[in-house]
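Participant: In terms of UniProt numbering, the sequence shown is residues 1 to 111.
Idealized CB from N, CA, C, for every residue including glycine.
I'd like to ask you about the structure that follows.
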Amino acid sequence: MKNIEWNDFEKVELRVGTIIRAEPFPEARNPAYKIWIDFGEEIGERKSSAQITEQYSLDDLLGKQVIAVVNFPPKQIGPIKSECLVTGFYREDGVVLAVPDKAVPNGVKLA
């Protein structure tokens, strides 16, 4: 594991948002969904893709709050431009989303 300085961590904007739309992403190399996340008034809506099909159905995702990095530059992923990086944890049976354990306002920064 590589150590980082506190200043490095402070640069990462980890924010909470609510998934407001989710669709299949058949063009992806690995099974994935296209998702749209509401990060509140300051940041707005961002889209991304997530390889979480083994753990979540499309219906599971609607209304779910997630933690995402919102200050990476957009990245082209197949036909969509990903505007944030949704965080999660790898398990043998798929990725599990990193989520707050209680509801918080959209856009709140990880403290």
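1) May I ask you to verify whether the region 6-15 touches the region 64-72, counting CB pairs closer than 8 Å and requiring at least 3?
2) Going by DSSP, what residue range makes up the alpha helix (DSSP H) through L61?
3) Near D38, what residues of its chain come up, given a Cβ to Cβ distance below 7 Å and the 5 sequence neighbours on each side ignored?
4) Which same chain residues, not among the five before or five after I47, have their C-beta less than 6 Å away from its C-beta?
5) For a minimum of 3 consecutive residues, which ranges assigned as the beta strand (DSSP E) are wholly contained in the region 28-107?
Facilitator: Taking the coordinates as given:
1) yes
2) Taking the sequence shown and counting its residues from 1, the one referred to as residue 61 is at position 61. Where L61 is concerned, the enclosing alpha helix (DSSP H) stretches over L58 to L61.
3) Counting from 1 along the sequence shown, the entry for residue 38 is found at position 38. G17, T18, I20, E45 and N106, listed in sequence order.
4) What you label residue 47 is simply residue 47 of the sequence shown in a count that begins at 1. The sequence shown places Lys at residue 47, rather than the Ile named in the question. Only W36 and E83 meet the Cβ criterion.
5) 33-38, 45-50, 65-69, 75-77, 80-82, 88-91 and 94-97
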